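*Asks:* The structure that follows is given in the form of structure tokens.
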Amino acid sequence: MKLMKPWIAIAASFMLVVGCSNSNNASNDAEKEGNNEDQVTIKFASWALGTEEDNNIERLMIEEFEEKYPNIDVEIDESISTDDWNNSLSSAASANAMPDVFMVSQVPTGLANDWLLDVTELAAEDEDFANIPEVVTDSVTYNDAVYAIPSAQHFLGYFVNKDLYNQANLDVPEYGISVDDFTESVRSVTNVNSGVVGLNNPFAIVDWYPSSVNEDIGWYTFSEDEYHLNSNEFISGVNLTSNFVTNGYSYENLSDEQKANFNGENAGEVFAGGGIGLNWDGTWAVENFSTNLDFDWDFVGTPGGRTVIVNDFMGISKSTKHQEEAFLFAKWMSFGKEGFLKRIDLAVEHEKALNNLPVTQDEEVLDAFFEVQDIPGLRTAYDNLANGIVEPVKTVPGFAQSRWEAPTGVAIGEEPNANIAALIDASVRGEIKIEDYAAQINELANQKYQEGKEAIGQ
512 MKLMKPWIAI AASFMLVVGC SNSNNASNDA EKEGNNEDQV TIKFASWALG TEEDNNIERL
572 MIEEFEEKYP NIDVEIDESI STDDWNNSLS SAASANAMPD VFMVSQVPTG LANDWLLDVT
632 ELAAEDEDFA NIPEVVTDSV TYNDAVYAIP SAQHFLGYFV NKDLYNQANL DVPEYGISVD
692 DFTESVRSVT NVNSGVVGLN NPFAIVDWYP SSVNEDIGWY TFSEDEYHLN SNEFISGVNL
752 TSNFVTNGYS YENLSDEQKA NFNGENAGEV FAGGGIGLNW DGTWAVENFS TNLDFDWDFV
812 GTPGGRTVIV NDFMGISKST KHQEEAFLFA KWMSFGKEGF LKRIDLAVEH EKALNNLPVT
872 QDEEVLDAFF EVQDIPGLRT AYDNLANGIV EPVKTVPGFA QSRWEAPTGV AIGEEPNANI
932 AALIDASVRG EIKIEDYAAQ INELANQKYQ EGKEAIGQ
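So that you can map any letter, position 379 of the sequence shown is 890 in my numbering, and since no number is skipped, the others follow by simple counting.
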């Protein structure tokens, strides 16, 4: 599926929608009081602003906010380096010069450094905040308090080359496909000698598989305040991944001789060239696919139909002197209904990409969004948010240690003390059996989670 061209009629309809949309009471009150209040300046730091010359959609959104709320000036804080985000924020905090609103790379890091304002009361009074998927708001709730604002939203999953399956007279995978049918679709479409393979890479299976076969557990088995890496679900996921690798169903794991059969120098080029059936990626790739793919494609998510959500997050500084104005601005740039309708309007008017999915579940926003971005599988993903899961990289304390970095004490090849990621990868390659180590890495992962919680005072 490709992005629809922004016709003038669509632009006019979106302007009408924006003009008629109702903001919540807090926004209305702020607007009414705007001309009577003293001028307020809030500083904003984001890695998504591009250059002043580019004038991307984020900068256009800031201009529209300032026009709507003339008593609030937004100053872009250039002192926070996109090359060293957390250290730049630490330096600003030490100098008592934190931006009022800023992007947060990992929420636990912000909590551990005492950067983040508790926005629970502000959020509770806001009607639009209630339309954020519950699983997303839960992900930034610590000790019953909300400390971050979900901003950009994306989904993880597979993109299917529909033409490839139709040409092979095979059933085209659709959103919600079962694990068994997914497995068969990967195997049946693969013909390495003809330059066709089922997957670009198999590595995410380890993370999504457990939640696809058991709705009580989440990404990488995390749920209910613990990991379940000693479960049958996790072990089966690792073994399925290993099966795909050893049988040549994944491009990344093919030999150089086998890759010579394909049209492209890497998995991205091979997918674009029509040689991969199911390509794992995030919805941030939609703009590229819409522009550059010459075949019919769709988003099919992960087997089982559980929507896997990836968010960026904004924080409001604990030291801000303008809490309400900062929240109002963060809302406009992220989850607010009126703000996102304006974002759609700007994208159409200026022919800019809609660079993220709506954080809100508001039907009016979704209808407007899918008028522009006509991808059926994405709409189905929204319909399945009730049992969605959040990729926990940015929200779960100690996740990087629990998933990748913690040393296991196990020797793998020339590595005398392999970390968790290396141990799982060795299992996928068939060098060791995951069954022999599942209990050990489960204990280690949960230990690192507890240490991460302690670091943020939980």
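Think of the CB as a built atom: it goes at the ideal place given N, C-alpha and C, for glycine as much as any other residue.
Quick caveat, the model's predicted, so the values are computed rather than measured.
Return yes when the C-beta of D674 is under 7 angstroms from any heavy atom of the ligand MN, and no when it is not.
*Replies:* Looking for the ligand MN in the displayed structure turns up nothing, as the structure carries no ligands at all.
*Asks:* Let me check understanding here. Comparing Cα to Cα, which of K842, I591, T562 and I568 lies closest to S616?
*Replies:* As a first step, residue 616 must be located in the sequence shown, where it is residue number 105. Nearest to S616 by alpha-carbon distance, out of K842, I591, T562 and I568, is I591.
*Asks:* Quick one: measure Cβ to Cβ for E926 and A933, integer angstroms, because I've assumed they're closer than 8 angstroms.
*Replies:* Counting from 1 along the sequence shown, the entry for residue 926 is found at position 415. Counting from 1 along the sequence shown, the entry for residue 933 is found at position 422. Their Cβ separation, rounded to whole angstroms, is 6 angstroms, which keeps E926 and A933 in contact under 8 angstroms.
*Asks:* Taking 8 angstroms as the cut-off, does the stretch 814-833 touch the stretch 681-698 (at least 3 CB pairs, one atom from each stretch)?
*Replies:* yes
*Asks:* Answer yes if the stretch 554-562 comes into contact with the stretch 573-588, meaning at least three C-beta pairs across the two stretches below 8 angstroms, and no otherwise.
*Replies:* yes
*Asks:* Straight-line CA distance for N803 to Y580?
*Replies:* For the purposes of this step, residue 803 is taken as residue 292 along the sequence shown, with counting starting at 1. For the purposes of this step, residue 580 is taken as residue 69 along the sequence shown, with counting starting at 1. When rounded, the distance between both Cα atoms is 39 angstroms.
*Asks:* With a threshold of 16 other CB atoms inside 10 Å of the CB of T494, please say whether the residue is buried or exposed.
*Replies:* Residue 494 lies beyond the range of the chain shown here (512 to 969); nothing can be said about it.
*Asks:* A950 to K944, Cα distance in whole Å?
*Replies:* Taking the first residue of the sequence shown as 1, we reach residue 950 at position 439. Taking the first residue of the sequence shown as 1, we reach residue 944 at position 433. For A950 and K944, the distance between alpha carbons rounds to 12 angstroms.
*Asks:* Report the three-state DSSP secondary structure of K579 (helix, strand or coil).
*Replies:* Within the sequence shown, residue 579 is the residue found at index 68, counting from 1. Residue state, collapsed to three classes: helix.
*Asks:* Return the residue from the list P644, I660 and L765 that minimises the CA-CA distance to T701.
*Replies:* As a first step, residue 701 is located in the sequence shown; it is residue number 190 there, counting from the start. Considering only alpha carbons, the answer is L765.
*Asks:* Which one of K829, Q550, G709 and V703 has the shortest CA to CA distance from D625?
*Replies:* Taking the first residue of the sequence shown as 1, we reach residue 625 at position 114. Looking at the Cα atoms, K829 is the closest of the given residues.
*Asks:* Let's see if you can read the secondary structure: which residues bound the beta strand (DSSP E) around V939?
*Replies:* In the sequence shown, counting from the first residue as 1, residue 939 sits at position 428. No beta strand (DSSP E) holds V939; the alpha helix (DSSP H) holding it covers I931 to V939.
*Asks:* Between F810, L789 and I787, which has its C-alpha nearest E798's C-alpha?
*Replies:* Walking along the sequence shown from the start, residue 798 turns up at place 287. Among F810, L789 and I787, the Cα nearest to that of E798 is on F810.
*Asks:* Buried or exposed for D1029, please, with buried defined as at least 16 other CB atoms from any protein chain shown within 10 angstroms of its CB.
*Replies:* With the chain running from 512 to 969 in the structure shown, residue 1029 is simply not present.
*Asks:* Find out if the Cβ-Cβ distance for the pair Q664, I820 is shorter than 8 angstroms.
*Replies:* As a first step, residue 664 must be located in the sequence shown, where it is residue number 153. As a first step, residue 820 must be located in the sequence shown, where it is residue number 309. Yes, these two residues count as a Cβ contact at 8 angstroms.
*Asks:* Report all residues from its chain with a CB closer than 6 angstroms to the CB of L889; omit the five preceding and five following residues, and keep chain order.
*Replies:* What you label residue 889 is simply residue 378 of the sequence shown in a count that begins at 1. Within the same chain, L889 has close Cβ partners F810.
*Asks:* Is it a yes or a no for the stretch 708-726 touching the stretch 870-890, going by three-plus beta-carbon pairs under 8 angstroms?
*Replies:* Counting Cβ pairs under 8 angstroms, fewer than three are found: no touch.
*Asks:* Measure the Cβ-Cβ separation of H833 and D611 and say whether it is below 8 angstroms.
*Replies:* For this step, residue 833 is matched to residue 322 along the sequence shown. For this step, residue 611 is matched to residue 100 along the sequence shown. Contact: yes.
*Asks:* Ends of the alpha helix (DSSP H) at F881?
*Replies:* Stepping through the sequence shown from its first residue, residue 881 is reached at position 370. Where F881 is concerned, the enclosing alpha helix (DSSP H) stretches over E874 to V883.
*Asks:* Is it the case that the Cβ atoms of V647 and Y658 are separated by a distance below 8 angstroms?
*Replies:* Against the sequence shown, residue 647 aligns to sequence position 136. Against the sequence shown, residue 658 aligns to sequence position 147. Taking 8 angstroms as the Cβ cut-off, V647 and Y658 do not qualify as a contacting pair.
*Asks:* Check the DSSP bridge columns for I945 and list the partner residues they point to.
*Replies:* For the purposes of this step, residue 945 is identified with residue 434 of the sequence shown, where counting begins at 1. Paired residue(s): none; I945 is not in a bridge.
*Asks:* Using only the alpha-carbon positions, how far apart do A778 and G812 sit?
*Replies:* In the sequence shown, counting from the first residue as 1, residue 778 sits at position 267. In the sequence shown, counting from the first residue as 1, residue 812 sits at position 301. Cα-Cα distance, rounded: 19 angstroms.
*Asks:* Should Q969 be labelled buried (16 or more other beta-carbon atoms within 10 Å of its own) or exposed?
*Replies:* Taking the sequence shown and counting its residues from 1, one reaches residue 969 at position 458. It is exposed - the Cβ of Q969 has fewer than 16 other Cβ atoms within 10 Å.
*Asks:* From D565, N582, E564 and E577, pick the residue whose C-alpha is nearest to that of D549; which is it?
*Replies:* If you number the sequence shown from 1, residue 549 lands on position 38. Per the Cα distances, N582.
*Asks:* Going along the chain, which unbroken runs of the alpha helix (DSSP H) with 4 or more residues stay wholly within the stretch 644-730?
*Replies:* 645-650, 673-678, 690-700 and 716-724
*Asks:* Quick one: grab the DSSP three-state call for F810.
*Replies:* Position 299 of the sequence shown, counting from 1, holds the residue named residue 810. If DSSP states are grouped into helix, strand and coil, F810 belongs with the strands.
*Asks:* Measuring only the C-alpha atoms, how far is W843 from N866?
*Replies:* Here residue 843 refers to the residue found at position 332 when the sequence shown is read from its first residue. Here residue 866 refers to the residue found at position 355 when the sequence shown is read from its first residue. Approximately 15 angstroms between the Cα atoms of the pair.
*Asks:* So if DSSP puts E737 in a beta bridge, which residue, or which two residues, is it bridged to?
*Replies:* Taking the first residue of the sequence shown as position 1, residue 737 is located at position 226. DSSP output for E737 lists S734 as bridge partner(s).
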